[in-house]
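Asks:
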Amino acid sequence: MEKKFETKAIRTQIERSQFLEHSVPMYLTSSFVFEDAEDMRASFAEEKERNIYSRYSNPNSSEFIEKVCQMEGAEDGFAFASGMAAVFSTFAALLESGDHILSARSIFGSTHTLLTQFLPKWNIGHSYFKIDQLDEIEQLITSKTKVIYAETPTNPGVDVLDLEALGNIAKKHGLILIIDNCFASPYLQQPIKFGADLVIHSGTKLMDGQGRVLAGITVGKKTLMDKIYRFSRITGPALSPFNAWVLSKSLETLALRVDRHCANALQLAEFLEGHEGVNWVRYPFLKSHPKYEIAKKQMKLGGCVVAFEVAGGIEAGRKFFDAIQLLSLSANLGDSRSIVTHPASTTHSKLSLEERAAVGITDGMVRVSVGLEHIEDIIEDIAQALN
Numbered sequence: 029m030e031k032k033f034e035t036k037a038i039r040t041q042i043e044r045s046q047f048l049e050h051s052v053p054m055y056l057t058s059s060f061v062f063e064d065a066e067d068m069r070a071s072f073a074e075e076k077e078r079n080i081y082s083r084y085s086n087p088n089s090s091e092f093i094e095k096v097c098q099m100e101g102a103e104d105g106f107a108f109a110s111g112m113a114a115v116f117s118t119f120a121a122l123l124e125s126g127d128h129i130l131s132a133r134s135i136f137g138s139t140h141t142l143l144t145q146f147l148p149k150w151n152i153g154h155s156y157f158k159i160d161q162l163d164e165i166e167q168l169i170t171s172k173t174k175v176i177y178a179e180t181p182t183n184p185g186v187d188v189l190d191l192e193a194l195g196n197i198a199k200k201h202g203l204i205l206i207i208d209n210c211f212a213s214p215y216l217q218q219p220i221k222f223g224a225d226l227v228i229h230s231g232t233k234l235m236d237g238q239g240r241v242l243a244g245i246t247v248g249k250k251t252l253m254d255k256i257y258r259f260s261r262i263t264g265p266a267l268s269p270f271n272a273w274v275l276s277k278s279l280e281t282l283a284l285r286v287d288r289h290c291a292n293a294l295q296l297a298e299f300l301e302g303h304e305g306v307n308w309v310r311y312p313f314l315k316s317h318p319k320y321e322i323a324k325k326q327m328k329l330g331g332c333v334v335a336f337e338v339a340g341g342i343e344a345g346r347k348f349f350d351a352i353q354l355l356s357l358s359a360n361l362g363d364s365r366s367i368v369t370h371p372a373s374t375t376h377s378k379l380s381l382e383e384r385a386a387v388g389i390t391d392g393m394v395r396v397s398v399g400l401e402h403i404e405d406i407i408e409d410i411a412q413a414l415n
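In this note's numbering, the protein residues as written are 29 to 415.
(1) With DSSP as the reference, identify every bridge partner of Met393, one or two as the case may be.
(2) Can you find the residues in the same chain that come closer than 6 Å, C-beta to C-beta, to Leu400, ignoring five residues on each side of it along the sequence?
(3) Note down the Cα distance separating Asp127 from Leu168, rounded to an integer number of angstroms.
(4) Go to Thr182, then tell me how far its beta strand (DSSP E) extends in each direction, as first and last residue.
(5) According to DSSP, simplified to helix, strand and coil, what is Lys76?
(6) Could you check how far apart the C-beta atoms of Leu191 and Pro214 are, in whole angstroms? I think they sit under 8 Å.
(7) How about Ile322 and Val188: do their beta carbons lie closer than 7 Å?
(8) Do Ile197 and Tyr177 have their C-beta atoms within less than 7 Å of each other?
(9) Give me the Cβ distance between Ala339 and Gly302, rounded to the nearest whole Å; I'm assuming they're in contact under 8 Å.
(10) Can you have a look at Phe434 and say buried or exposed, based on whether 16 or more other CB atoms are within 10 angstroms of its CB?
(11) Figure out for me which residue from His370, Tyr84 and Ile410 has the closest Cα to the Cα of Asn183.
(12) Cβ atoms of Ile403 and Asn307: under 7 Å apart, would you say?
(13) Using 8 Å as the cut-off, can you tell me whether the stretch 114-127 makes contact with the stretch 241-258, which would need three or more C-beta pairs spanning the two stretches below that distance?
(14) Would you call the stretch 275-285 and the stretch 138-148 touching, i.e. three or more CB-CB distances under 8 Å?
(15) Please state the DSSP three-state secondary structure of Leu143.
(16) How is the beta strand (DSSP E) around Asn307 delimited, first residue to last?
(17) Please state the DSSP three-state secondary structure of Ser85.
(18) Quick one: grab the DSSP three-state call for Ala266.
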């Protein structure tokens with residue numbers, strides 16, 4: 029019988045040592061020993077599956093990968109030292125000089141910089157499509173296009189893309205569809221069900237959920253993951269065994285935590301929607317969200333991030349941030365602690381004014397990663413800052 033999500037997150041099959049431990053121990057070792065010369069030869073010849081060196085694989089990273097693969101419905105995966113290591117390594121492993129990426133315009137600032145400043149050094153080009161104009165994607169596909177890339181919900185505007193539509197376009201043209209699923213987590217959304225070939229996460233966010241470690245992971249089709257594994261095995265962006273152990277433990281409570289995150293976020297969004305000091309609010313499960321129906325189709329709940337614009341421009345926004353007392357001023361998200369961020373001056377500050385305007389990032393935009401505190405305390409702090 030197919031196990032439910034919460035069970036998969038806890039009851040991953042593990043290899044126990046002679047001590048028969050109930051919880052998976054930490055394997056803080058850089059390398060592993062061989063039984064004899066033939067064992068060593070066969071292992072390096074890949075005639076057997078076994079741990080050789082923790083840059084290649086480690087029992088802790090393997091358990092973490094297995095859990096995420098089960099959650100996402102993926103065939104294989106690789107765990108990285110950060111979310112951006114996962115993004116870069118995935119691109120670098122699959123693309124060659126002359127290839128072309130078709131990306132949603134609304135993406136994380138560092139991913140934008142990767143596409144515009146670093147990949148062009150290797151003659152890898154890109155084009156952007158607007159998230160509300162998916163019907164124009166096919167006009168941007170060239171003979172060199174190899175990948176369609178998108179986030180949904182997006183960072184920081186919490187826009188929603190139609191995964192099924194993207195999947196159909198990718199399949200029609202034989203392209204690789206890569207989805208950053210960080211804002212939703214595997215609990216709320218599984219892009220592979222809608223046609224994605226690969227799914228990327230920053231494990232630093234909801235997967236860890238407590239602001240302790242950096243991590244990234246890519247999961248998906250085995251044929252594609254084999255290329256990513258071989259690139260990463262050589263270049264060395266692997267996740268540390270300790271951080272993998274922390275993350276595997278965190279995944280056991282992912283469903284419980286995300287349920288609370290989403291309940292708090294929806295209540296905050298509803299409060300902000302009626303506040304005179306706010307110009308607009310965006311949250312996927314608000315009925316006023318332009319992609320509400322799509323969000324309901326592909327997401328279980330709306331996620332932990334709420335975006336809104338403070339009325340009164342940049343000066344009012346500065347006063348709002350200076351008046352915050354309980355919530356943290358930070359650039360992270362998905363933490364147990366609620367966080368307020370000013371994207372224009374932090375996460376997306378490397379974008380030009382025109383580039384920020386193109387994806388709806390105004391000077392007054394606020395991104396709230398809604399945490400696990402009592403919702404009345406969260407709302408009280410934001411209300412007093414707005415007032």
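All C-beta atoms, glycine included, are put in the ideal place defined by N, C-alpha and C.
This one's a predicted model, so the numbers in the text were calculated from it and none came from an experiment.
Replies: On the basis of the data shown:
(1) Glu337
(2) Arg288 and Ser364
(3) 14 Å
(4) First-last for Thr182: undefined, no H or E at that position.
(5) coil
(6) That belief does not hold up - the Cβ atoms of Leu191 and Pro214 are roughly 14 Å apart, past 8 Å.
(7) yes
(8) no
(9) Their Cβ separation, rounded to whole angstroms, is 13 Å, which puts Ala339 and Gly302 out of contact at 8 Å.
(10) Here the chain has residues from 29 to 415 only, and residue 434 is not among them.
(11) His370
(12) no
(13) yes
(14) no
(15) helix
(16) Val306 to Arg310
(17) coil
(18) strand
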